[in-house]
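Colleague:
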Amino acid sequence: MFGFKPVSFNEKWGFFGKVSVFEQRPEASDSVTLNFALGTDRYFAEAEFRPLANDGILRFRGDLFKLERRGHFRVPLAEHVQRDCNIIARRDKSVFLDAKVVNLSQGGAKVQMDLSPVAASPPTLTPRSVGGVAATGVSPMVKDENLRVVLHLCGRWRVEVLARVRHAVVEGDQNFLGLAFSFENEISRRQLMAAAMDLQRDYFRQL
151 MFGFKPVSFN
161 EKWGFFGKVS
171 VFEQRPEASD
181 SVTLNFALGT
191 DRYFAEAEFR
201 PLANDGILRF
211 RGDLFKLERR
221 GHFRVPLAEH
231 VQRDCNIIAR
241 RDKSVFLDAK
251 VVNLSQGGAK
261 VQMDLSPVAA
271 SPPTLTPRSV
281 GGVAATGVSP
291 MVKDENLRVV
301 LHLCGRWRVE
311 VLARVRHAVV
321 EGDQNFLGLA
331 FSFENEISRR
341 QLMAAAMDLQ
351 RDYFRQL
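Residue 340 in our numbering sits at position 190 of the sequence shown, and the numbers go up by one each step.
1) Quick one: give me the first and last residue of the beta strand (DSSP E) that M263 is part of.
2) Measure the alpha-carbon distance for A269 versus M263 and round it to whole angstroms.
3) K168 and V157 - do their beta-carbons sit closer together than 8 Å?
4) Closest by CA to L202, which one among M347, V311, F166?
5) Using C-beta distances below 7 Å, list every residue in its chain close to F154, excluding the 5 sequence neighbours before and after it, in chain order.
6) Going by DSSP, which residues form a beta bridge with H302?
7) Would you call Q341 buried or exposed, if buried means 16 or more other Cβ atoms sit within 10 Å of its Cβ?
8) So, using beta-carbon positions, are R314 and L329 closer together than 8 Å?
9) Helix, strand or coil for A197 per DSSP?
10) Use the C-beta contact count for I337: other C-beta atoms within 10 angstroms, 16 or more gives buried, fewer gives exposed.
11) Alpha carbon to alpha carbon, what distance is there between Q324 and E295?
12) Identify which residue in D242, R308, L254 has its Cα closest to the Cα of V225.
13) Would you mind working out which of R306, R355, R351 sits nearest Q232, comparing C-alpha positions?
14) Whole-angstrom Cβ separation of V251 and L227, contact assumed at under 8 Å?
15) Are L312 and A318 touching if we call contact CB-CB under 8 Å?
16) Thinking Q350 and F223 are a contact (beta carbons under 8 Å), I'd like their distance in whole angstroms, please.
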C-alpha cells in the first residue's frame, strides 16, 4: 500500500507523481487499485504502476468508477464469503458475540446479529456458546456503546478494531448495527484499509 500525489500528466505515459511509502516501497505492477478523491467526489480505478526512484508513473486501465458521495465507499459482502464479526468486549467487559458483516468500509461497517428466539420486548441477543456452555442472553445494543471487535474477512484478513455503535435497528428477528471504527495503532488502521481496498477491487471486477 502506498500514497501517490500527481504532479504532471502525459497522454502517452499517464500521471507522474510523488510516492509516499506506508509499509514497503512499491514495485512495478500491471494492476494496482486506486481509491482517490477529486473535488467532492470519490473514484475507484485500476492502473499500471512504474516506480522511478522516489517517484512513480500511474496509467489508468479499464473503467473509472464514481463512488457514492461519502467519506468511504461501503463494499457489500456476499452471504457465501467469510464475513464474521466477533464482538469480544463491551463496556470494557469481555464478551463473545457473533455477528455477520453486511457491508464494510475503511471507516465502519453494518453488521447483522440474530435475536434470541425467546426475546419479546425488549429484544435480547444470543452469543455463541463458549467452551460448550451456552451463554445467556444479553441486553440489546444501544447508540454510543463502545465495543472491541475482530473481523474475519474472506479467509484473508483478521483485523481487530475498536467500534462505537452509531445506530441499532431491529427488523423482525434480526438486529442491525451501524458501527464506526477507531484504531489503537497505525498497524490495525492500515490492515483495515488494505482489507477494504482488496474487497473493493474484487467487487468492481465482478461488475
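Yeah, the Cβ is synthetic: ideal placement off N, Cα and C, and Gly gets one too.
Modeller: So, from the listed chains and residues:
1) Element bounds for M263: 258 to 264.
2) Its pLDDT being 38, under 50, A269 is placed unreliably by the model, and nothing is read from it.
3) For the pair V157 and K168, the CB atoms are nearer than the 8 Å cut-off.
4) Each of M347, V311, F166 was checked against the Cα of L202, and the nearest Cα belongs to F166.
5) So the list reads G167, V169, G206, L208, once near-sequence residues are dropped.
6) According to DSSP, H302 shares a beta bridge with D234, R308.
7) With 16 or more other Cβ atoms within 10 Å, it is buried.
8) Between R314 and L329, the gap from beta carbon to beta carbon is short of 8 Å.
9) A197 falls in the strand class under three-state DSSP.
10) Exposed, by the Cβ-count rule.
11) One C-alpha to the other measures close to 19 Å.
12) The alpha carbon of V225 has as its nearest neighbour, out of D242, R308, L254, the alpha carbon of L254.
13) The shortest C-alpha separation from Q232 is found at R306.
14) Between L227 and V251 the Cβ distance is about 5 Å, and since that is below 8 Å, they are a contact.
15) No. Outside cutoff.
16) Yes, they are in contact, since the Cβ atoms of Q350 and F223 sit about 6 Å apart, within 8 Å.
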